[in-house]
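Okay, so here's the structure we're looking at.
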Amino acid sequence: MFNKSRFWKEIEKNGLDGEMKIDEPMKFHTTWKIGGVADFFYIPKSQEALKNIVLIASERDLPIYIIGNGSNILVSDDGIRGLVIKIAGTLDKIEYFDKMIKVGAGVILPHLVKMTIERELSGLEFASHIPGTLGGAIMNNASFGGESLANIVHKISLIDFYGHFQELDSSQFTFLYRGILINLSRYILLNAEIRLARGDKTKIITKVKDFYKQRKASQPLAFLTAGCIFKNPQEKPAGYLIEQSGAKGLRIGDAQVSEKHANFIINCGRATSKDILLLIEKIEERVEKNFGIKLEREINILGFGRTEYFDE
Ligand SMILES: Cc1cc2nc3c(=O)[nH]c(=O)nc-3n(C[C@H](O)[C@H](O)[C@H](O)COP(=O)(O)OP(=O)(O)OC[C@H]3O[C@@H](n4cnc5c(N)ncnc54)[C@H](O)[C@@H]3O)c2cc1C
Numbered sequence: 003m004f005n006k007s008r009f010w011k012e013i014e015k016n017g018l019d020g021e022m023k024i025d026e027p028m029k030f031h032t033t034w035k036i037g038g039v040a041d042f043f044y045i046p047k048s049q050e051a052l053k054n055i056v057l058i059a060s061e062r063d064l065p066i067y068i069i070g071n072g073s074n075i076l077v078s079d080d081g082i083r084g085l086v087i088k089i090a091g092t093l094d095k096i097e098y099f100d101k102m103i104k105v106g107a108g109v110i111l112p113h114l115v116k117m118t119i120e121r122e123l124s125g126l127e128f129a130s131h132i133p134g135t136l137g138g139a140i141m142n143n144a145s146f147g148g149e150s151l152a153n154i155v156h157k158i159s160l161i162d163f164y165g166h167f168q169e170l171d172s173s174q175f176t177f178l179y180r181g182i183l184i185n186l187s188r189y190i191l192l193n194a195e196i197r198l199a200r201g202d203k204t205k206i207i208t209k210v211k212d213f214y215k216q217r218k219a220s221q222p223l224a225f226l227t228a229g230c231i232f233k234n235p236q237e238k239p240a241g242y243l244i245e246q247s248g249a250k251g252l253r254i255g256d257a258q259v260s261e262k263h264a265n266f267i268i269n270c271g272r273a274t275s276k277d278i279l280l281l282i283e284k285i286e287e288r289v290e291k292n293f294g295i296k297l298e299r300e301i302n303i304l305g306f307g308r309t310e311y312f313d314e
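Under the working numbering, the first residue of the sequence shown carries the number 3, and numbering increases by one thereafter.
Now the structure itself:
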């Protein structure tokens, strides 16, 4: 059994560079504003600090969970037993080499797009209103309007849970629909090289605005959401299947299927992760019953069904 206070003392002894908290409410770190406490929560200041905490936790078999900006995750109301490492806002260096940029995994996409517009670089316009980090976006192969990260990411660097650093070129990983295939079990993305094209600033801005118009017309942007809940099956878009199954507007507690886009679930104020999960299960049931299609979840679920690791 793991001892929480002993681990905390070890952290203090190691003088880790970064922000470590005990029992941190995860609702502060998810776009749904939902989630119970994480036993340990850490924002590393540097790659070195990240490596140190990963080594300390791995040596002690403390479960490690990585989050970017929490814009595509559902965290249990019972929280997370283990260590959550947040990458958003840290590892946030952007380096420019003509049309190639090297970007830290913690850079938030709308900020990155702003920076590339200033340098008249085109290729990232589709990501201008995706509220995640580059790291989270690579893990999900984020896309919009037919464009995705898969087309522009050429190299990634990562660190595995044993502290080994690796740089992989595009022949060593494969982008999938909402995912990436890397021959490693557990790792943290550190940065990526992205190849862009020279573009005209006005045209780039127009493209960003067009993408935003499309998004505004189809997504419930004024509400707390976590993006799309399900991947689109080959047969039809998930939103269509959900709507045709009569689940649009369906509500459990304060969680509601969006009236605007049925593949989004809104937190109407006090939704719990249990409300959301029940709603997800209800949608899955209805779509399977009506169309015989098993929807695959796009959101990442953290903390459900975890056992206690600690003897306090
Ligand atoms: C309003 C709204 C609109 C959205 N629109 C889109 C859209 O158009 N297209 C789209 O594809 N998505 C969209 N999303 C979903 C989401 O923003 C993206 O998938 C985003 O890329 C997730 O990034 P994140 O940093 O928030 O990742 P998180 O949600 O924090 O994490 C997602 C997954 O990535 C892993 N992860 C995160 N960072 C790292 C890292 N550095 N190393 C290893 N693993 C990591 C996490 O463990 C988790 O499994 C939208 C979400 C919202 C709320």
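Yeah, the Cβ is synthetic: ideal placement off N, Cα and C, and Gly gets one too.
Compare the C-alpha of residue i against each of the options and name the closest.
{"i": "residue 232", "options": "268, 200, 282, 214", "result": "282"}
{"i": "residue 186", "options": "107, 304, 166", "result": "166"}
{"i": "residue 52", "options": "262, 129, 164", "result": "164"}
{"i": "residue 154", "options": "195, 216, 161, 188", "result": "195"}
{"i": "residue 102", "options": "286, 198, 254", "result": "198"}
{"i": "residue 79", "options": "193, 287, 273, 293", "result": "273"}
{"i": "residue 55", "options": "72, 70, 75, 20", "result": "20"}
{"i": "residue 159", "options": "214, 177, 106", "result": "106"}
{"i": "residue 223", "options": "254, 204, 266, 247", "result": "266"}
{"i": "residue 291", "options": "280, 254, 249", "result": "249"}
{"i": "residue 203", "options": "133, 117, 92", "result": "117"}
{"i": "residue 133", "options": "45, 75, 16, 9", "result": "75"}
{"i": "residue 68", "options": "192, 216, 238", "result": "192"}
{"i": "residue 330", "options": "99, 138, 119, 100", "result": "This structure leaves residue 330 out entirely; the chain is present only between 3 and 314."}
{"i": "residue 90", "options": "44, 130, 104, 81", "result": "44"}
{"i": "residue 29", "options": "82, 141, 17", "result": "82"}
Near residue i, what residues of its chain come up, given a Cβ to Cβ distance below 8 Å and the 5 sequence neighbours on each side ignored?
{"i": "residue 299", "result": "231, 232, 233, 282"}
{"i": "residue 269", "result": "34, 35, 36, 225, 226, 227, 256, 257, 278"}
{"i": "residue 150", "result": "128, 143, 144, 177"}
Residues in the same chain with beta-carbon distance under 7 Å from residue i, minus the five sequence neighbours each way, listed in chain order, please.
{"i": "residue 201", "result": "122, 123, 124"}
{"i": "residue 209", "result": "127"}
{"i": "residue 72", "result": "31, 32, 33"}
{"i": "residue 275", "result": "36, 37, 76, 77, 78, 79"}
With a 10 Å radius around its C-beta and 16 neighbouring C-beta atoms as the bar for buried, classify residue i as buried or exposed.
{"i": "residue 63", "result": "exposed"}
{"i": "residue 7", "result": "exposed"}
{"i": "residue 26", "result": "buried"}
{"i": "residue 48", "result": "exposed"}
{"i": "residue 97", "result": "exposed"}
{"i": "residue 236", "result": "exposed"}
{"i": "residue 50", "result": "exposed"}
{"i": "residue 219", "result": "exposed"}
{"i": "residue 314", "result": "Confidence at residue 314 is low in this model, with a pLDDT of 48, below 50, so the placement of that residue should be treated as unreliable; the coordinate-derived value is given next. Its Cβ having fewer than 16 others within 10 Å, residue 314 is exposed."}
{"i": "residue 61", "result": "exposed"}
{"i": "residue 296", "result": "exposed"}
{"i": "residue 173", "result": "exposed"}
{"i": "residue 238", "result": "exposed"}
Could you spell out where the alpha helix (DSSP H) holding residue i opens and where it closes?
{"i": "residue 217", "result": "203-220"}
{"i": "residue 277", "result": "275-293"}
{"i": "residue 29", "result": "Counting along the chain, residue 29 falls outside any alpha helix (DSSP H), and DSSP gives it neither H nor E."}
{"i": "residue 11", "result": "6-16"}
{"i": "residue 58", "result": "49-61"}
{"i": "residue 240", "result": "240-246"}
{"i": "residue 138", "result": "136-142"}
Considering residue i, what are the terminal residues of the beta strand (DSSP E) in which it resides?
{"i": "residue 159", "result": "155-162"}
{"i": "residue 84", "result": "82-88"}
{"i": "residue 176", "result": "175-178"}
{"i": "residue 110", "result": "Residue 110 -> no beta strand (DSSP E), and no H or E assigned at all."}
{"i": "residue 43", "result": "39-46"}
{"i": "residue 301", "result": "Note, residue 301: premise wrong, no beta strand (DSSP E); not H, not E."}
In its own chain, which residues sit with a C-beta less than 6 Å from the C-beta of residue i, not counting the 5 before and 5 after it?
{"i": "residue 85", "result": "42, 59, 64, 66"}
{"i": "residue 176", "result": "183"}
{"i": "residue 293", "result": "243"}
{"i": "residue 254", "result": "277, 280, 281"}
{"i": "residue 285", "result": "244, 249"}
{"i": "residue 264", "result": "241, 244, 245, 250"}
{"i": "residue 156", "result": "172, 195, 197"}
For residue i, verify whether its CB is less than 7 Å away from any heavy atom of ligand 3.
{"i": "residue 92", "result": "What this structure holds is ligand 1, not ligand 3."}
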